[in-house]
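Residue numbers (my numbering), protein chains in the order written: chain A, 4 to 301; chain B, 4 to 301.
Laid out in structure tokens, this is it:
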């Protein structure tokens, strides 16, 4: 079995009936499983997580997009989260037996079809066609409200779809990226400066581990501090590397790890690296996991 | 998706054509996946590992048994491994979304049908009907050659099938058991007595961890010693507990763990305990693994 994941961020987080209609647009596709819907009233935004065969996932994403475009009028939308359009961001993520290249193909195909429906589309991350569109925040700067002006600038000519501002739907950012592992380590300390100092040493931007973003955070209710991380490519830097580094850094200051957590879902392959490291078992393979073998038979 | 595993031990390990016919008897069942065949010439024995929906697995086990009974004449069988019959031992193992009780039901149903085909059947482990038949070695003592005498003793009246010795097929032992985790820890030392001492502290028989069997072994080629273990119920004692215990015991003698290994296959659930322990993350659930969720949708 091959699994591509899609995690569209849609600008509707309040009307349960509309959210249900959008979920149904995904669910009607055979070979696709809708794993999660997270809706936020304040953000006025919903995130749908679904997986399946790559082509089926692209088709389900298109059905969702068409449904969202029908239901949402961006000229009426106010929410706490930055957004550019009704179908705001659509990342395709290779999860199991799929490489990034195929995720890029699906993203480009999705973008082309959405463009044909009259929505300006920008490609980002691994699907980006231009270096300056690699990062989402650069594309989304100015948000929906600034889009009418932004699109008058030839620099922001969309990668697909019309060059003109679409007031009802705004624009859509479509991309492909590796699965992101959101991983936090909590330290038995209230010293936020210390957590920030460790985070700085961990993150790539300041000379730390490649493909790692990190920041120090105070967990006021717990009376602790946290190094909060995004591992954007676990094949390059996986959990054990940052866990052990943080453990040693903290120990050097007489501080212990209280605990850690993986936020959201991970591919099974992430666990392979954990077993290899913590059991001193470099040959371990997830092919030794019965469930993995079953999936690969299908 | 629910997965029951079946691991029949068949008294034919030399004739590739016969082994292929037996594999085919399993493969023809839809909803069953044959994961592994291990044949040993000296033992004159093959172990088939297959998984699938419980009922389908029972049916596939019966097809395999019927094929083996047709092909094997125990009166001609000589091999290095203890055995009682053509279809020697048939354990049913709950792997994913299946409890031991259902494995017992399948074992009993399988035994009843095999008994109806004229094969004396003894139930063991969790499927045992009598305490003295809980352990396989007690049932198999005297082997095939001793069976004709053994069956004259009313104490050894079979649980299913005829009371009479069946010279062509011998008898079959059928049971249900929890998945076994075969786990070894290698120590940077050639001191076998030390490995045996640690193994003694680890194993339940001598006051160690429940559901753990252990022995000290010399790895002559590697110049190391090993604590070789069977964890017969990972829900009771999982890998981290024995790993940390052995690490501390060895460290007390100034010896380090060189590495460790899991022999054969494990259910995904085994990894849950590893993540919980090594990442100090007691809330971790394998439901956070995308592949697990996919299987449970099916």
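Backbone N, C-alpha and C fix where the C-beta goes; we use that ideal spot for every residue, glycine too. This one's a predicted model, so the numbers in the text were calculated from it and none came from an experiment.
C-beta neighbour in chain A for residue 268/B, strict 7 Å:
Along the second chain, read from residue 1 onward, the residue named residue 268/B stands at position 265. It does: the Cβ of residue 268/B has a partner Cβ on chain A nearer than 7 Å.
Expected contact under 8 Å - CB spacing of residue 230/B and residue 265/B to nearest Å:
Taking the first residue of the second chain as position 1, residue 230/B is located at position 227. Taking the first residue of the second chain as position 1, residue 265/B is located at position 262. The beta carbons of residue 230/B and residue 265/B sit about 14 Å from each other, so the pair does not count as a contact at 8 Å.
By DSSP, does residue 264/B sit in helix, in strand, or in coil?
Here residue 264/B refers to the residue found at position 261 when the second chain is read from its first residue. Under the three-state reduction of DSSP, residue 264/B is assigned to strand.
Bridge partners - residue 40/B, DSSP secondary structure assignment:
Counting from 1 along the second chain, the entry for residue 40/B is found at position 37. For residue 40/B, the beta-bridge partners assigned by DSSP are 51/B.
Would you list the one or two residues that DSSP bridges to residue 99/B?
Along the second chain, read from residue 1 onward, the residue named residue 99/B stands at position 96. Paired residues: 6/B.
For chain B, check one thing: does any of its Cβ atoms lie closer than 7 Å to the Cβ of residue 87/A?
In the first chain, counting from the first residue as 1, residue 87/A sits at position 84. Interface with chain B (7 Å Cβ-Cβ cutoff): residue 87/A is excluded.
CB residue 5/B to CB residue 96/B, shorter than 7 Å?
Counted from its first residue, the second chain places residue 5/B at position 2. Counted from its first residue, the second chain places residue 96/B at position 93. Contact flag unset, no.
Per-residue contacts from residue 210/B into chain A (C-beta, under 7 Å):
In the second chain, counting from the first residue as 1, residue 210/B sits at position 207. Correct list: empty, because the minimum Cβ distance to chain A is about 25 Å.
Neighbourhood of residue 302/B by C-beta distance below 8 Å, restricted to the same chain and skipping five residues each side
Lying before the first or after the last residue shown, residue 302/B is absent from chain B, which here runs from 4 to 301.
Which chain B residues are close to residue 246/A, counting only those with a beta carbon under 7 Å from its beta carbon?
In the first chain, the residue the question calls residue 246/A occupies position 243. Contact annotation for residue 246/A against chain B: 282 [CB-CB distance below 7 Å, chain order].
Residue environment, residue 210/A, which counts as buried when at least 16 other CB atoms sit within 10 Å
Residue numbering aside, residue 210/A sits at position 207 when the first chain is read from its first letter. With a threshold of 16 other beta carbon atoms within 10 Å, residue 210/A falls short and is exposed.
Short check: CB of residue 14/B to CB of residue 76/B, under 7 Å?
Start at 1 with the first residue of the second chain, and residue 14/B comes out as number 11. Start at 1 with the first residue of the second chain, and residue 76/B comes out as number 73. Not a contact, by the Cβ cut-off of 7 Å.
Distance cutoff 7 Å, beta carbons only. Does residue 296/B sit that close to anything in chain A?
The count along the second chain starts at 1 and reaches residue 296/B at position 293. Residue 296/B has a beta carbon lying within less than 7 Å of a beta carbon in chain A.
Is residue 189/B helix, strand or coil when you go by DSSP?
Residue 189/B sits at position 186 when you count from the first residue of the second chain. Look at residue 189/B here: in three-state DSSP terms it is strand.
Do residue 12/A and residue 50/A have their beta-carbon atoms positioned less than 7 Å apart in this structure?
Residue 50/A sits at position 47 when you count from the first residue of the first chain. Residue 12/A sits at position 9 when you count from the first residue of the first chain. It is a contact, given that the beta carbons lie within the stated cut-off.
Taking the alpha carbon of residue 267/A as the point to measure from, which residue in 33/B, 111/B, 289/B, 148/B has its own alpha carbon closest?
As a working mapping, residue 267/A is identified with position 264 in the first chain. Per the Cα distances, 289/B.
In angstroms with no decimal places, state the Cα-to-Cα distance between residue 188/A and residue 73/A.
Position 185 of the first chain, counting from 1, holds the residue named residue 188/A. Position 70 of the first chain, counting from 1, holds the residue named residue 73/A. Separation of residue 188/A and residue 73/A (C-alpha to C-alpha, rounded to the nearest whole angstrom) is 42 Å.
What does the alpha-carbon distance come out to for the pair residue 180/B and residue 16/B?
Sequence index remark: in the second chain, residue 180/B carries index 177 (1-based). Sequence index remark: in the second chain, residue 16/B carries index 13 (1-based). Approximately 24 Å, taken between the alpha carbons.
Assuming residue 147/A is part of the alpha helix (DSSP H), what are its boundary residues?
Walking along the first chain from the start, residue 147/A turns up at place 144. For residue 147/A, the uninterrupted alpha helix (DSSP H) run begins and ends at 146 to 153, by DSSP.
Classify residue 62/B: buried if its beta carbon has 16 or more other beta carbons within 10 angstroms, exposed otherwise.
Working through the second chain from its first residue, we reach residue 62/B at position 59. So residue 62/B counts as buried.
Name the chain B residues that come within less than 9 Å of residue 99/A, Cβ to Cβ?
Within the first chain, the letter at position 96 stands for residue 99/A. Using a Cβ-Cβ cut-off of 9 Å, residue 99/A is close to 293, 294, 297 of chain B, given in chain order.
Taking only three categories from DSSP, how would you classify residue 269/B?
Your numbering for residue 269/B matches position 266 in the second chain. In the three-state scheme derived from DSSP, where H, G and I count as helix and E and B as strand, residue 269/B is classed as strand.
Grouping DSSP H, G and I as helix and E and B as strand, with all else coil, what is residue 241/B?
If you number the second chain from 1, residue 241/B lands on position 238. In the structure shown, residue 241/B sits in coil (DSSP, three-state: anything other than H, G, I, E or B).
On a CA-only basis, which of 144/A, 152/A, 164/A is nearest residue 122/A? Give me that one, please.
One-based indexing of the first chain puts residue 122/A at position 119. Of 144/A, 152/A, 164/A, the residue nearest in Cα terms is 164/A.
Compute the beta-carbon to beta-carbon distance between residue 195/A and residue 219/A, rounded to the nearest angstrom, for a pair I have assumed lies under 8 Å.
Here residue 195/A is taken as the residue at index 192 of the first chain, counted from 1. Here residue 219/A is taken as the residue at index 216 of the first chain, counted from 1. About 6 Å; that satisfies the 8 Å criterion.
CB contact check: residue 262/A to chain B, cutoff 7 Å
If you number the first chain from 1, residue 262/A lands on position 259. Answer yes: the Cβ-Cβ gap between residue 262/A and chain B drops below 7 Å somewhere.
Measure the alpha-carbon distance for residue 64/B versus residue 33/B and round it to whole angstroms.
On the second chain, residue 64/B is found 61 positions in, with the first residue counted as 1. On the second chain, residue 33/B is found 30 positions in, with the first residue counted as 1. Distance between the alpha carbons of residue 64/B and residue 33/B: 13 Å.
Taking Cβ-Cβ distances below 7 Å as the criterion, which residues of the segment 25 to 40 of chain A are in contact with chain B?
Of all residues in the segment 25 to 40 of chain A, only 36, 38 place a beta-carbon less than 7 Å from a beta-carbon of chain B.
Below 8 Å on the Cβ atoms is my guess for residue 184/B versus residue 260/B; work out the distance and round it to an integer in Å.
Position 181 of the second chain, counted from the first residue, corresponds to residue 184/B. Position 257 of the second chain, counted from the first residue, corresponds to residue 260/B. Taking 8 Å as the upper bound for CB-CB distance, residue 184/B and residue 260/B are not in contact here, some 17 Å apart.
Would you give the residue range spanned by the beta strand (DSSP E) that residue 218/A belongs to?
One-based indexing of the first chain puts residue 218/A at position 215. It spans 215 to 222 - the beta strand (DSSP E) in which residue 218/A sits, taken as one unbroken run.
Thinking C-alpha only, which one of 120/A, 273/A, 103/A is nearest residue 186/A?
Stepping through the first chain from its first residue, residue 186/A is reached at position 183. Distance from the Cα of residue 186/A is smallest, within the candidate group 120/A, 273/A, 103/A, for 273/A.
Should residue 71/B and residue 89/B be called a contact, given that it needs their Cβ atoms to be closer than 7 Å?
Mapped onto the second chain, residue 71/B falls at position 68. Mapped onto the second chain, residue 89/B falls at position 86. In contact: residue 71/B and residue 89/B (Cβ atoms closer than 7 Å).
For residue 23/B, report the span of its beta strand (DSSP E) as first-last.
Working through the second chain from its first residue, we reach residue 23/B at position 20. Secondary structure note for residue 23/B: it is in no beta strand (DSSP E), and the uninterrupted alpha helix (DSSP H) holding it is 19 to 30.
Inspect the beta-carbon positions of residue 67/B and residue 52/B and report whether they are closer than 7 Å.
Residue 67/B sits at position 64 when you count from the first residue of the second chain. Residue 52/B sits at position 49 when you count from the first residue of the second chain. No, they are not a contact pair.
So, at 7 Å on beta carbons, what are the nonlocal neighbours of residue 277/B in its own chain, with the 5 sequence-adjacent residues on each side left out?
Start at 1 with the first residue of the second chain, and residue 277/B comes out as number 274. The beta carbon of residue 277/B lies closer than 7 Å to those of 242, 243 in the same chain, with the five residues before and after it left out.
Identify the continuous alpha helix (DSSP H) that holds residue 66/A and give its terminal residues.
Counted from its first residue, the first chain places residue 66/A at position 63. Residues 57 to 74.
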